[in-house]
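Position 230 (the sequence shown) corresponds to 235 in the numbering used here; numbering is contiguous.
We put the beta carbon where it would ideally sit given N, CA and C, even for glycine.
Here's the structure, in structure tokens; my notes come after.
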Amino acid sequence: MDRIAIQGGARLHGEIPISGAKNSAIKLMAASLLTDAPLRLTNMPRLADTRSLGALLKRFGTEIVERDGEAGPETTLHTPEITSAIAPYDLVRKMRASFNVLGPLIARTGHAKVSLPGGCAIGARPVDLHLKALEALGAKIDLHEGYVYAQAPRGLKGAEIRFPFVSVGATEHTLLAAVLAEGETVIHNAACEPEIADLAECLNAMGARVEGAGTPTVRVTGVARLHGATHAVTPDRIEAGTYAVAAAIAGGEVRLTGARAEHIRALLDKLVEAGAEVSDTNDGVRIKRNGARLNAVDLSTDPYPGFATDLQAQFMALMTLAKGESTIRETIFENRFMHAPELMRMGADISVSGGEARVRGVDALEAAPVMATDLRASVSLVIAGLAARGETVVHRVYHLDRGFERLEAKLSACGAQVRRITGDAPEPGSETETED
Ligand code: UD1
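Have a look at this one:
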């Protein structure tokens, strides 16, 4: 298994192009199942997760063509006919968001058998809200031997759906099913993440009628069929936020081209509070830090537009070197501090109690071999490595490859000393985790 080695101490100077959002791309790929015409997605990230979902879609009869277009990488997905509506465990377990094929399969064919995704490294992560919403839309759901068997032989029907709490995946899944349902669907307490607005924009380009995506109330007027379209995947706000934190910890000046500042405002505000300089540019965001030590700041993760849980681990890495004590509260996932013990192996001073971590800034971190436990945790270790003394080696890099495109190349282009070591690492591993 590959590892990543980071020689700490280099300041970052230059430009990092931000890729299309993983969390959008995989839902947009699922949306392609809703039509028998081709869906062309531009600004597509090339990641292990998009490959995993591609492998699953091919089982249903989807033809996938990837090419480098004028505006960067693009993928065309075309499912003239659903040849099988079965999503097996061995493919769903690799990436839990592939569960979101259930809604489109029912909407298109009236039936589906999809493996339940199971828990994952960052928490139990049930899919009860997804299933309740599909039932409200008229699907008959049975659970047997780890699989969801769904039937809606006469099609789905619009419904009023009120989520008890905000769920990104359940909001997206409901949208994916409701666009072809008969009549109107109203989703109350919908998640407002930019990926939802992106999905709605793509669905509308395919002929759907979705209003209010990106707000807590989303209205869908069902249509009989959808057609093909071309859609550009929204920039990855988590990738952008990650490199913003990388620039803040390493020092220097980095331009994140293609990043949308309004999508990471909560993070940028915290970086400014900590002492970094942040400015919006006409093509992205610029992050700058001179040599001065950063201040400790507190934060709590929250649904969008609050501080993203997917940036919590990265910000914790930054706070390990800040002046003072920072309190970090995680409110979205119950087990999302697994990076803390790894950061402590590098000399960080962190105590975790329940959903709260206290980080007391230290003068320096020291390089160490560390283990990635999930996607965002693994990148927080790379970030810590950028500022640590010596060479940090991050094991189990397959987590990172799920969601960060060409990470070593992007950081190296700004002067970081980051390299991939390919081949077997001297530690056992399992590739069954499925996180965000
Ligand atoms: C998505 C993102 C992930 C991000 C998360 C929160 C993708 C592929 N992943 O995950 O990167 O960290 O949003 O911003 O887009 N829950 C239930 N029942 C359900 C659904 C969710 O109890 O049926 C709970 C979850 O366990 C969690 C909370 O709701 O505690 C929020 O989860 P949700 O917003 O659904 O996250 P995901 O869509 O899984």
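Looking at residue i and ligand 1, is the gap between the Cβ and the nearest heavy atom below 8 Å?
i, result
"residue 245", "no"
"residue 28", "yes"
"residue 404", "no"
"residue 378", "no"
"residue 134", "yes"
"residue 128", "yes"
"residue 369", "no"
"residue 313", "yes"
"residue 441", "yes"
"residue 152", "no"
"residue 196", "yes"
"residue 318", "no"
"residue 32", "yes"
"residue 353", "no"
"residue 339", "yes"
"residue 278", "no"
"residue 346", "no"
"residue 112", "no"
"residue 294", "no"
"residue 424", "no"
"residue 359", "no"
On the three-state DSSP scale, how would you describe residue i?
i, result
"residue 99", "coil"
"residue 104", "helix"
"residue 86", "coil"
"residue 436", "Per-residue confidence for residue 436 stands at a pLDDT of 49, beneath the threshold of 50, marking its modelled position as unreliable; no derived number is given."
"residue 349", "helix"
"residue 177", "helix"
"residue 402", "coil"
"residue 370", "coil"
"residue 267", "helix"
"residue 441", "coil"
"residue 133", "helix"
"residue 17", "strand"
"residue 7", "coil"
"residue 41", "coil"
"residue 34", "helix"
"residue 25", "strand"
"residue 379", "coil"
"residue 427", "coil"
"residue 410", "coil"
"residue 393", "coil"
"residue 92", "strand"
How close, in whole Å, do the beta carbons of residue i and residue j come, if the pair is a contact with beta carbons under 8 Å?
i, j, result
"residue 348", "residue 254", "With a Cβ gap of about 12 Å, residue 348 and residue 254 do not count as contacting."
"residue 482", "residue 420", "Residue 482 lies beyond the range of the chain shown here (6 to 441); nothing can be said about it."
"residue 28", "residue 200", "5 Å"
"residue 233", "residue 38", "Rounded, the Cβ-Cβ distance is 13 Å, inconsistent with contact."
"residue 163", "residue 340", "Going by Cβ atoms, the distance from residue 163 to residue 340 rounds to 36 Å, so no, they are not a contact pair."
"residue 441", "residue 381", "7 Å"
"residue 228", "residue 185", "7 Å"
"residue 1", "residue 231", "Here the chain comprises residues numbered 6 to 441, so residue 1 is not present and cannot be evaluated."
"residue 238", "residue 46", "6 Å"
"residue 377", "residue 395", "Their Cβ separation, rounded to whole angstroms, is 19 Å, which puts residue 377 and residue 395 out of contact at 8 Å."
"residue 383", "residue 405", "5 Å"
Within 9 Å (strictly less), CB to CB, does residue i reach chain D?
i, result
"residue 70", "The structure shown contains no chain D, having only a single protein chain."
Pair every Cβ in the stretch 255 to 267 with every Cβ in the stretch 284 to 304, then say whether three or more of these pairs are closer than 8 Å.
Taking 8 Å as the limit for Cβ pairs, the verdict is that the stretch 284 to 304 does touch the stretch 255 to 267.
Touching by the beta-carbon criterion (3+ pairs, under 8 Å), the stretch 50 to 59 and the stretch 190 to 204:
The stretch 50 to 59 is not in contact with the stretch 190 to 204.
With a cut-off of 8 Å, do at least 3 Cβ pairs link the stretch 215 to 222 to the stretch 261 to 276?
Under the three-pair Cβ rule at 8 Å, the stretch 215 to 222 does not count as touching the stretch 261 to 276.
Is the stretch 148 to 163 in contact with the stretch 58 to 77, if contact means three or more CB pairs nearer than 8 Å?
Touching, no, given that fewer than three Cβ pairs across the two stretches are closer than 8 Å.
Suppose only complete runs of 4+ residues qualify. What are the alpha helix (DSSP H) ranges in the stretch 283 to 338, listed by chain order?
Correct list: 317 to 324.
State whether the stretch 388 to 395 contacts the stretch 357 to 367, with contact taken as three or more CB pairs (one from each stretch) at a distance under 8 Å.
At 8 Å Cβ cutoff, the stretches do not touch.
Taking contact to mean at least 3 C-beta pairs separated by less than 8 Å, is the stretch 161 to 179 in contact with the stretch 84 to 96?
A contact between stretches requires three or more CB pairs, one per stretch, nearer than 8 Å, and the stretch 161 to 179 fails this requirement with the stretch 84 to 96.
The stretch 331 to 342 contacting the stretch 312 to 322, beta-carbon criterion three pairs below 8 Å
Between the stretch 331 to 342 and the stretch 312 to 322 there are three or more C-beta pairs closer than 8 Å, enough to call the two in contact.
Write down every uninterrupted run of the beta strand (DSSP E) in the stretch 183 to 264 whose length is 3 residues or greater and which is fully enclosed by it, in chain order.
Fully enclosed beta strand (DSSP E) runs of 3 or longer: 189 to 193, 214 to 216, 222 to 226, 234 to 237 and 257 to 262.
Which runs of the alpha helix (DSSP H) at least 4 residues long sit entirely within the stretch 112 to 171? Give them in chain order.
Counting only runs of at least 4 residues, the stretch 112 to 171 fully encloses the following alpha helix (DSSP H) elements, listed from N- to C-terminal order: 133 to 141.
Counting Cβ pairs closer than 8 Å, one from the stretch 343 to 361 and one from the stretch 268 to 284, do we hit at least three?
Segments in contact, no.
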